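Asks:
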Amino acid sequence: MSALTWTELLRIRLRTGRGAALALGALVLVTAFLAAAFPRGVEAYETRGVRHALGSAPPEQQTLEVSVARADLPGAGVRAAYGAAELTRQDRALRERFDAPLRIAEGGTQYGVRTTAPLTAYDPGLPRPDGPGPGLSLYAVSGLARHATVTEGRLPRGAAPGERTLEAAVTVAAARTLHLRVGSTLHPEGLTVRICGLLTPRDPDGVYWAADPVLTAARLTSTGEQPPRRFWRAALLLSPQDGPALLPTGGKPEKFWRYPVDASRLTAGQAPLLRDRLSSLQHGAGLARLRTVAGGGALADSAVDGLLDGFGRMRTAIAPVVAVAAFGIGTVARVVLLLAGALAAARRAPELALLRARGASLAGLTGQLAAESAVVALPAAAAGGGLALLVTPGEQALPSLLAAAGTGLLGTLALPLRAAVAHRRPHPAVRADLTAARPSRRRTVAELTVLVLAAGAVVALRRRGTATGGGVDALVSAAPVLIGVIAAIALMRLYPLPLRLAARPAARSSGLTGFLALARAGRAPATAGLPLLALLVALTTASFGGSVLAGIDSARDHAALTAVGADARISADRPLPEKLRRAVAAVRGVDGAVPLRLSVQAADDGGPPLYLVIADAEAYSRLARATGLGAFSAAELADPGGDRPLPALVSPRYLTRFGRAPQALQPEFGQLVVRPVAVRADTPAQPGGDFVLVNARSVARRYPDTYADPANGPSVLLLSGHALDTGALRTAVRAHSPAAAPARLTLRSAERAALADPPLQQGAERLYTAAVAAGTGFALLALLLSLLQTAPQRRQLLAMLRTMGLPTGQGRRLMVLEALPQALLAAGGGVLVGAAAIRLLSPGTDLTPLALPGGRGGGTADTVRLGADPMSLLAPSAGVVVLALAVVAAQAWLSERRREGTELRGGERP
């Protein structure tokens, strides 16, 4: 054929097959969009994570600091080296040594000369708590005018050469503590410093002020001697020109430059490079370059590289878990594209066989089909990839473009490759029934290869876990997918057996519907294995992913519960007032308020402290049952009467340390002798700790006077309620809390929300959820495509049977029963395979980095393992059955509305 002929055929084919072309284009576009959006989504949440890791750190950890100790230079040289002009010149030169992605946030830059050892002042009027006078740090710094507001007086001016009195400013908070005012004179170890102004920091929490706490306010500290003595530490802020005046002091003066690292434009991909830059500045070639500017003794220090290390460890721990979802949805999407190509090849089999019989070459036929698919698939893939680049943030476009291009290529080649395999040599049309098909040797070898890979993946995952430490391991991450593939292979080999067994009694029965439905199910094409493969892989991935998400939620719920002990916790360093307890109990949504006394007992064995919990056994037992933290029966703690030891509920570690012998404890109001009668791992008052719980009524009988004293009242209140009015609860605590010992309110809901706040974990969880939803959608699409493939034959059969007198109701039951075996096979297999995959992979799947960021979680176990979630197992499989029956029922309804002549043609058979 000439090129013109192929062009004409292509144009005619696209015009006549407009519906199929649009369906292929839509499938490729959606798949390409998801494939391109996934790496962009990963990059986006990792970028938010690294920015949060640096931006949420304390101000002193967000800086790069360069310092130079005092140098031995001639007098004039020293003054020049420590003068404001030289420091400014060095500041500009140092900035030129910083290479991207190390960027400096201009607002918080600070440089100058400071004393590193405090200078003690003994002037009259200065506070001296334990004898020593205040220790003063002198700072001759730049930028005071930009970062402070003069509340009283003025900013310090540089002293003239030879002048012995320096001017300094202090913050209002420091002046209040040290009893200073404008005009006060201090004499820290030989210097004379006059206070010329009081300042108010414009941004006290910013890096400029908060990087060194003594800059904003005086701090009470202690000496290192025994016994320690307390004294005040504060800073005096001098003019930048007064740096040389600090050199003769004993305060060990040094030059310094403090640069806040700007993380607002940092990306996750740049994080390793930034860490390398900082390491070089602190220990490598970058430090040598800094010393050419700042001096031979210059040192650089920063905590940012440690923050980046922590982020890197967390990202490495999370990535393998997210990769499981990526491999799952990627496999399902590829199978669906291959399925679409296989269904198109099966639909066009007579046309292609005729072309081959009339002399069309295999290469020419394959090229024509590839051209037809490429005209639709490649533009759709380009549109999907471009849309992903537009709607998802990110810096790198190449991974997304490659993913979209791969999708377009697969969509282009699925039909021609399948057709080439089916029509490589002409052969008579033979019906390839599912029950009659015999696997070839090549298929057997391929299946055994996949089985070996699946076994290796499961073993590797169980031994090494998802957190391999070396990034994403493709074999480990593909373990759920490989298990689904093996299950599909096994089910397809076993599927004909129950059909044959069920067909024998159905053949001997008087009814037609059952036997005909089973016979039709057995006559399904051998290519029905591809939809089953897609369904099982998708259901396995959905079950695995749903269980991962359910495990994360469950771990966070338990972590929040163990951090609080109830729905809300009110505690104080002193007994809670009775009016506070009454006000809190009256808040809307509070179902129960359990007061308790919590006393810390020093252990004689030198181990961790022991917590004595005294609470009403009945109320506390109800709370323990409601929370699931160490439920027990109140009768176990019943008062024994007399002077016998009090029955106690204890933790396992208490039993290990002290045994079951009676133990004497010393609360504030007297001695209690307790005897363990029950052991629980947790208790609401002290989850996960070493505790002893006794009945408050028994204690009140032993010490009626001292126990009833309000000074020994309960200091903890545990609240339960499903719909707490948190606003009213906070208001009640503030209104009735004593000012001397304010009560602390801790909400379980707030603790739960805090566990999901970090962007790295939050983004990974959202991406995992989207991947599971997309995988489920692809699975349902695979089922729909397989049902649509056999829809014409079902309609023809139903029309023929109606001409023979088949009632409408039996026709519907026939179509439903015909589709039911494969739907039940996929659904039942999905449940079993999902449960098996979770059981096999649970020992190696660590959800802790996703569920409990930063090692939070109170008394929870160190590792959060994967567990089967019934809803995640059953819901996707039930959806498959419901969709299959709905589609078949709709086809039956549409077929009944058509005339038999519309469905039946001469020479055609269903």
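For the sequence shown, my numbering begins at 271 and goes up steadily by one.
By construction, the Cβ of each residue, glycine as well, lies at the ideal position given by its N, Cα and C atoms.
Being a predicted model, the structure only gives us computed values, none of them experimental.
Assign Trp527 to one of two classes, buried (16 or more other C-beta atoms within 10 Å of its C-beta) or exposed (fewer than that).
Replies: Classification of Trp527: buried, given that the 10 Å Cβ count is 16 or more.
Asks: For a test of the three-state rule: what should DSSP assign to Lys525, helix, strand or coil?
Replies: Strand, per DSSP.
Asks: Which whole-angstrom value describes the C-beta separation of Arg867 and Ala533, a residue pair presumed to lie in contact below a C-beta threshold of 8 Å?
Replies: 47 Å between Cβ atoms; not a contact.
Asks: Please classify Trp479 as buried or exposed, where buried requires at least 16 other C-beta atoms within 10 Å of its C-beta.
Replies: So Trp479 ends up on the buried side.
Asks: From this set, Thr926, Val969 and Pro471, which residue's C-alpha is nearest Arg914's C-alpha?
Replies: Minimum Cα distance to Arg914 is reached at Val969.
Asks: Mind checking if His457 is an interface residue toward chain C, Cβ cutoff 8 Å exclusive?
Replies: Given the protein chain composition of this structure (a single chain), no chain C is represented.
Asks: I'd like to know whether the C-beta atoms of Val964 and Leu907 end up nearer to each other than 8 Å.
Replies: Yes. Within cutoff.
Asks: Which class does Gly423 belong to by DSSP, given the choice of helix, strand or coil?
Replies: Three-state DSSP puts Gly423 in a strand.
Asks: Between which residues of its own chain and Ala339 is the CB-CB distance below 7 Å, once the five residues before and five after are set aside?
Replies: Counting only Cβ-Cβ distances below 7 Å, and skipping sequence neighbours, we find Glu524 and Gly567.
Asks: Straight-line CA distance for Leu448 to Asp475?
Replies: Answer to the nearest angstrom: the Cα atoms are 22 Å apart.
Asks: DSSP beta-bridge partners for Thr390?
Replies: Gly405, per the DSSP bridge assignment.
Asks: Which residue marks the beginning of the alpha helix (DSSP H) containing Thr996, and which one marks its end?
Replies: Taken as a continuous stretch (DSSP letters only), the alpha helix (DSSP H) holding Thr996 covers Thr996 to His1006.
Asks: Quick one, are the C-beta atoms of Leu469 and Ala438 less than 8 Å apart?
Replies: It is not a contact, given that the beta carbons lie outside the stated cut-off.
Asks: Straight-line CA distance for Ala350 to Asp369?
Replies: So the two alpha carbons sit approximately 29 Å from each other.
Asks: Going along the chain, which residues of its own chain have a beta-carbon closer than 6 Å to the beta-carbon of Ser643, five neighbours each way excluded?
Replies: For Ser643, where only same-chain residues beyond five positions count, the Cβ hits under 6 Å are Thr682 and Leu685.
Asks: Could you check what DSSP says for Asp960 in three-state terms: helix, strand or coil?
Replies: Of the three classes helix, strand and coil, the one that applies to Asp960 here is coil, per DSSP.
Asks: Taking the C-alpha atoms as reference points, what is the distance between Ala603 and Pro801?
Replies: Going from the Cα of Ala603 to the Cα of Pro801 covers about 12 Å.
Asks: When burial is assigned at 16 or more other CB atoms within 10 Å of the CB, is Ala595 buried or exposed?
Replies: With 16 or more Cβ atoms within 10 Å of its Cβ, Ala595 is classed as buried.
Asks: On the DSSP letters alone, give me the boundaries of the alpha helix (DSSP H) that Ser550 sits inside.
Replies: Ala541 to His553 is the span of the alpha helix (DSSP H), which, as asked, contains Ser550.
Asks: Got a sec? Which residues, its chain only, sit under 6 Å from Leu1050 by beta carbon, not counting five neighbours each side?
Replies: Only Leu1153 meet the Cβ criterion.
Asks: Who pairs with Ile884 in a beta bridge, going by DSSP?
Replies: According to DSSP, Ile884 bridges with Arg867 and Val964.
Asks: How far does the alpha helix (DSSP H) with Ile759 in it extend, from its first residue to its last?
Replies: Note, Ile759: alpha helix (DSSP H), Ala749 to Leu764.
Asks: Give a yes or no on contact between the stretch 845-865 and the stretch 986-999, applying the rule of three or more CB pairs nearer than 8 Å.
Replies: The stretch 845-865, when compared against the stretch 986-999, does touch it at the 8 Å Cβ threshold.
Asks: Which of the three DSSP states, helix, strand or coil, is assigned to Ser492?
Replies: Three-state DSSP puts Ser492 in a strand.
Asks: Which of the three DSSP states, helix, strand or coil, is assigned to Glu1181?
Replies: Beyond the ends of the chain as shown, which are 271 and 1180, falls residue 1181; an answer cannot be given.
Asks: Does the distance from the C-beta atom of Phe1048 to that of Ala757 stay below 8 Å?
Replies: In this structure, Ala757 does not lie closer than 8 Å to Phe1048 by Cβ.
Asks: Please go through the stretch 315-365 and give each complete alpha helix (DSSP H) segment of 4 or more residues, from N-terminal end onward.
Replies: Whole alpha helix (DSSP H) segments, 4+ residues: 345-351.
Asks: So, at 6 Å on beta carbons, what are the nonlocal neighbours of Gly521 in its own chain, with the 5 sequence-adjacent residues on each side left out?
Replies: Contacts found: Thr385, Ala387 and Leu389.
Asks: On the DSSP letters alone, give me the boundaries of the alpha helix (DSSP H) that Asp575 sits inside.
Replies: First-last of the alpha helix (DSSP H) with Asp575: Val574 to Arg617.
Asks: Assign Thr435 to one of two classes, buried (16 or more other C-beta atoms within 10 Å of its C-beta) or exposed (fewer than that).
Replies: Burial call: exposed.
Asks: Using the rule of at least 16 other Cβ atoms within 10 Å of the residue's Cβ for burial, across every protein chain shown, is Tyr392 buried or exposed?
Replies: With fewer than 16 other Cβ atoms within 10 Å, it is exposed.
Asks: Along the chain, where does the beta strand (DSSP E) that runs through Ala838 open and close?
Replies: Here the beta strand (DSSP E) through Ala838 covers Ala838 to Ser841.
Asks: For Leu577, which of Ala291, Ser326, Leu846 and Ile840 has the nearest alpha-carbon?
Replies: Minimum Cα distance to Leu577 is reached at Ser326.
Asks: Determine the contact status of Leu919 and Phe939, defining contact as a CB-CB distance below 8 Å.
Replies: Contact flag unset, no.
Asks: From Ala808, Val729, Val746 and Arg712, pick the residue whose C-alpha is nearest to that of Val755; which is it?
Replies: Nearest option by C-alpha distance: Ala808.
Asks: Inspect the beta-carbon positions of Pro483 and Arg489 and report whether they are closer than 8 Å.
Replies: Yes, the pair counts as a contact, with Cβ atoms nearer than the cut-off.
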